[in-house]
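What follows is a set of notes on a single structure, which appears directly below.
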Amino acid sequence: MAKTVRRISTRAGKRSRMQEAHDSFVFARYFFMAALIALIVLLTGVIITLGPLDISVAEAYRALIDRFYPGRFEVEPLTSRVVWNIRFPRIVGGILAGIGFGVCGCVMQAVLKNPLASPFTLGISAGAQFGISLAAVVGISLVGGPYLLVGNAFLFALLCSCFIIGLAAIKGATSETLILAGIAVNYFFSAMSQLFKYFATDEQLRLMTSWGMGDLSAFSWSKIPLILVVFGVCIPLLMLKAWDLNIMTSGDETAKSIGVNAEHVRIFIMLVSSLVVATVVCFTGTISFIGLVAPHMARMILGGDHRFLIPASGILGAVVLVAADGVAMNVIAPTVIPTGIMTSVIGVPFFMYLMLKGRRREFWA
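Residue numbers 38 to 402, in this note's numbering, belong to the letters of the sequence shown in order.
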């Protein structure tokens, strides 16, 4: 009788309890991501005010709005130039880099079924560091001019990823093969970079060391369009594989029985995410722990549904990276600590806290 009444109420336009529960589930996750976006907007206004030039939060927002809607507010020219040309591009670059690291860390952990997988534990950053070392010490680069270092970092990061994926494709693209190949490549390129440091001059050594620390100062408005184009193509492709990732967390055999080719999905995701990481790393240098910590934070809050986990990891990555960069610029002002050092200082204890507080099943539940 109860089932009959429930069917009648559903046909009459009323929603069942299961449908209402699902709507509440979806709403809570969208609300959480909207709150994170609002937090990024708030952080942007606060971080812009921090620096040698005294700018209030209201002046910062007025300067930004004046750029899109000229004449709405009266803004001092110096304030406008500092906000728009110096501080805001760095924040936008940090947001994009955090999104890229967070999204790629999330999908890599999913396809490899390993909570320690990230763009840096798989050797991609080591390949980029080798490209920088090669250009700085030997002067060999496939790209000249102002993009000498950036071009080398991008090409060798992508080459490193392609080597890992190619080796895994020959041996079978299992998660274990990809991880072992990544570890081997990481050690190899790290050793080669150390070899170049041994023969480098003081100036070359300073250049390699500063790039290896990671920094957002290289971002300018001229760099943003390239990153937006890569993100606009690659991140939707990763989102399209969200259902496949949900199925693959149950194992390759289960995925195969449902019709998902786990090896093809794994290679596709590694290729696309490697392109995103290589694009970001060539401008930022080695900024670690964002791709490792952000997916764990999102997974512990939202669960394992990759339809929500992928974008939430990206937004959380942006929040963590922008906040860490704000602290790095101002904690011992006027000295600016490299962003990569600050993310490691913050990331290591926080990651240990997540590991101690979490339960094993929370990784893939």
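The beta-carbon is built from N, C-alpha and C at its ideal position, and this holds for glycine as well. Model, not experiment: these values are computed from the prediction.
Report all residues from its chain with a CB closer than 8 angstroms to the CB of residue i; omit the five preceding and five following residues, and keep chain order.
| i | result |
| --- | --- |
| Gly251 | Thr321, Gly322, Thr323, Ile324, Ser325, Pro375, Thr376, Gly377, Ile378 and Thr380 |
| Ile304 | Ile202, Ala205, Ala206 and Ala210 |
| Val382 | none |
| Arg44 | Because Arg44 carries a pLDDT of 48, less than 50, the predicted location of this residue cannot be relied on, and the following value inherits that uncertainty. Counting only Cβ-Cβ distances below 8 angstroms, and skipping sequence neighbours, we find nothing. |
Here's the rule I'm using: 16 or more other beta-carbon atoms within 10 Å means buried, otherwise exposed. How should residue i be labelled?
| i | result |
| --- | --- |
| Thr41 | For Thr41, the pLDDT reaches just 46, beneath the cut-off of 50, and the residue's location in the model is therefore unreliable, leaving the point undetermined. |
| Thr158 | buried |
| Ser93 | exposed |
| Pro262 | exposed |
| Gly384 | buried |
| Gly164 | buried |
| Gln166 | buried |
| Ile295 | exposed |
| Met392 | exposed |
| Asp239 | exposed |
| Ala228 | exposed |
| Gly137 | buried |
| Arg66 | buried |
Return the residue from the list the options that minimises the CA-CA distance to residue i.
| i | options | result |
| --- | --- | --- |
| Val309 | Pro273, Trp280 and Asn298 | Pro273 |
| Met366 | Pro152, Gly137 and Ile123 | Ile123 |
| Trp258 | Pro89, Arg109, Gly88 and Val129 | Val129 |
| Leu215 | Gly160, Ala331 and Phe388 | Gly160 |
| Gly280 | Phe191, Arg344 and Tyr235 | Per the sequence shown, the amino acid found at residue 280 is Trp instead of Gly. The candidate whose alpha carbon is nearest that of Trp280 is Arg344. |
| Val78 | Ala355, Phe388 and Ile169 | Ala355 |
| Ala360 | Leu73, Phe68 and Met55 | Leu73 |
Among residues of its own chain, excluding the 5 on either side of residue i, which ones have a beta-carbon nearer than 7 angstroms to its beta-carbon?
| i | result |
| --- | --- |
| Ile177 | Leu171 |
| Tyr390 | none |
| Thr81 | Ile128 |
Please indicate yes or no: does the CB of residue i lie closer than 6 angstroms to some heavy atom of the ligand SAH?
| i | result |
| --- | --- |
| Arg66 | Absence of the ligand SAH is noted for the structure shown, with no ligands found whatsoever. |
Tell me which residues share the same chain as residue i and place their Cβ nearer than 6 angstroms to its Cβ, disregarding the 5 neighbours each side in the sequence.
| i | result |
| --- | --- |
| Leu195 | Ala315 |
| Val174 | Phe233, Ala237 and Gln241 |
| Ala402 | Per-residue confidence for Ala402 stands at a pLDDT of 45, beneath the threshold of 50, marking its modelled position as unreliable; the derived number appears in the next sentence. Correct list, in chain order: Gly341. |
Any beta carbon from chain B within less than 7 angstroms of residue i's own beta carbon?
| i | result |
| --- | --- |
| Ile85 | No chain B appears in this structure, which consists of one protein chain only. |
Please give me, in chain order, every unbroken run of the beta strand (DSSP E) with length at least 3 that falls completely inside the stretch 161-218. Listed in chain order, the beta strand (DSSP E) runs fully inside the stretch 161-218 amount to none, counting runs of at least 3 residues.
Per the contact definition of three or more C-beta pairs closer than 8 angstroms, is the stretch 346-362 in contact with the stretch 136-144? Taking a cut-off of 8 angstroms for Cβ pairs, the stretch 136-144 and the stretch 346-362 touch, as three or more such pairs fall below it.
Would you call the stretch 287-304 in contact with the stretch 202-221, where contact means no fewer than 3 C-beta pairs closer than 8 angstroms? Yes, the stretch 287-304 is in contact with the stretch 202-221.
Take every Cβ of the stretch 82-96, pair it with every Cβ of the stretch 112-123, and state whether three or more of those distances are shorter than 8 angstroms. Taking 8 angstroms as the limit for Cβ pairs, the verdict is that the stretch 112-123 does touch the stretch 82-96.
Meets three-Cβ-pair contact criterion under 8 angstroms: the stretch 265-279 and the stretch 187-202: The stretch 265-279, when compared against the stretch 187-202, does not touch it at the 8 angstroms Cβ threshold.
Could you pull out every unbroken alpha helix (DSSP H) segment of at least 4 residues lying fully inside the stretch 232-273, listed in chain order? List check, alpha helix (DSSP H) in window: 239-250.
Mind listing, in chain order, the continuous alpha helix (DSSP H) runs of no fewer than 4 residues lying wholly within the stretch 266-317? Counting only runs of 4 or more, we get 279-285 and 289-295.
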